[in-house]
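Novice:
Protein chains in written order, with my numbering: chain U, 1 to 163; chain R, 1 to 180.
Next comes the structure, spelled out in structure tokens:
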């Protein structure tokens, strides 16, 4: 009697070698591009950094992040941005008052630390992370506030890949 | 009738050797996932600039005739001005368009200045309020970053400090507009 459906016991083998090849290549490239930079910085959400050809990397100093809507010092929100500028109520002599106050606190901490280590207090450095669409007027306000708090060196954070 | 059991000869059987690669694939998958999660797809760099500041310390250096280089970034053009600090001042002004081509020409002009004046390593950058930060960074790139075909601006007996300036055309940039 003929069977209605032949149930074969043949085992089906899946060729996983191409997948292994892809995995190996992917892992090789990911390991090659894996950052060995000791400083890990996550740019703030909403900031599109300007592109640059610079070869200089980051180091660990306080960061001012200027998004399209806010100004942060390290992780603390310090001031807001309305229409591409800081509202007049938050400004003083062209600088941003709350930013100046925050940076003065940082400066005092740095000076106390330097004193404890037997060193002379020196002028401070800051990393500045800023959206590329901002105008120089805002850059100037931020720099002016920092300058008043004796931070005179700025490391402008840029995207090295986009050029 | 008793059947005599035939003595069987030892047969040589070839079996397919199979390597179990499933654990290997498991490890690869997990590794891939974590590498993809932690991969940084943008590489961050910095451009170092300074703002002018006042100091109480006395300037010990003797006044010297040096070249002062100023770049003024405006919305539609970029001006490059050079003059000497002492007579004869020999002022010179060049204007470039505020586009990629103009920025490349600015870079070439700055390289020529640096070749002729190796001791000058500082540029003062001015910018109008309405110039975008992106444009300012492009101008900073033109001032600071030494490109592939540019000459080296360090001497043969360069010390450690001088070698640190190897990747730059003008290592020092002061933001002249940032002043009360």
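No residue lacks a Cβ here, since even glycine has one placed at the ideal position from N, Cα and C. Small disclaimer: the values here were computed from a predicted structure and weren't measured.
Considering only the alpha carbon of each residue, which of R:99, R:25, R:13, R:20 lies closest to residue 21 of chain U?
Specialist: When only C-alpha atoms are compared, the closest one is R:25.
Novice: For the 8 Å Cβ check, are there 3 or more pairs between the region 16–23 of chain R and the region 90–103 of chain U?
Specialist: No, they do not touch.
Novice: With respect to the alpha helix (DSSP H) encompassing residue 93 of chain U, which residues constitute its N-terminal and C-terminal limits?
Specialist: Segment: none, residue 93 of chain U is in no alpha helix (DSSP H) and carries neither H nor E.
Novice: Please classify residue 52 of chain U as buried or exposed, where buried requires at least 16 neighbouring CB atoms within 10 angstroms.
Specialist: Buried, because 16 or more other Cβ atoms sit within 10 Å of the Cβ of residue 52 of chain U.
Novice: Within a Cβ cutoff of 7 Å, which residues of the same chain sit near residue 186 of chain U, ignoring the five residues on either side of it in sequence?
Specialist: Residue 186 of chain U falls outside the range modelled here, since chain U spans only 1 to 163, and no answer is possible.
Novice: Taking CB distances under 9 Å as the criterion, tell me whether residue 45 of chain R reaches chain U.
Specialist: Output row for residue 45 of chain R: interface = yes.
Novice: Just list the residues that DSSP pairs residue 71 of chain U with in beta bridges.
Specialist: DSSP lists U:66, U:79 as partners of residue 71 of chain U.
Novice: For residue 111 of chain R, which residues in the same chain have their Cβ closer than 7 Å to its Cβ, ignoring the five residues on either side in sequence?
Specialist: Around residue 111 of chain R: 150, 169.
Novice: Beta-carbon of residue 4 of chain U versus every beta-carbon of chain R: anything under 9 Å?
Specialist: Unreliable positioning characterises residue 4 of chain U in this predicted model, as indicated by a pLDDT of 47, which lies under 50. The coordinate reading is nonetheless provided below. It does not; no Cβ of chain R falls within 9 Å.
Novice: Could you please give the first and the last residue of the uninterrupted beta strand (DSSP E) stretch that includes residue 94 of chain R?
Specialist: 92–97 is the span of the beta strand (DSSP E), which, as asked, contains residue 94 of chain R.
Novice: On the three-state DSSP scale, how would you describe residue 86 of chain R?
Specialist: Looking at residue 86 of chain R - three-state DSSP - the assignment turns out to be coil, as it is neither helix nor strand.
Novice: Tell me whether the region 129–147 of chain U and the region 159–173 of chain R touch, counting them as touching only if at least three CB pairs, one residue from each stretch, are closer than 8 Å.
Specialist: No: the two stretches stay apart, fewer than three of their Cβ pairs being nearer than 8 Å.
Novice: If you check the beta carbons only, do residue 77 of chain R and residue 95 of chain R fall under 9 Å apart?
Specialist: A contact, by the Cβ cut-off of 9 Å.
Novice: At the level of alpha carbons, what is the spacing between residue 157 of chain U and residue 115 of chain R?
Specialist: So the alpha carbons of these two residues sit roughly 28 Å apart.
Novice: Between the Cα of residue 79 of chain R and those of R:66, R:93, R:89, R:88, spot the shortest distance and give me the residue it belongs to.
Specialist: Taking only the C-alpha atoms, the option nearest residue 79 of chain R is R:93.
Novice: Grouping DSSP H, G and I as helix and E and B as strand, with all else coil, what is residue 13 of chain U?
Specialist: DSSP places residue 13 of chain U in coil when its eight states are reduced to three.
Novice: Could you tell me which residues DSSP puts in a beta bridge with residue 153 of chain U?
Specialist: Paired residues: U:125, R:50.
Novice: Could you pull out every residue in the same chain whose Cβ sits closer than 7 Å to the Cβ of residue 136 of chain R, ignoring the five residues on either side in sequence?
Specialist: Excluding sequence neighbours, residue 136 of chain R sits near 73, 127.
Novice: Hey, does residue 154 of chain U have any beta-carbon neighbour from chain R nearer than 9 Å?
Specialist: True, the Cβ-Cβ gap to chain R drops below 9 Å.
Novice: Closer than 7 Å by C-beta to residue 83 of chain U: which residues in its own chain qualify, once you throw out the five before and the five after it? Chain order, please.
Specialist: The answer is none, since no qualifying residue turns up.
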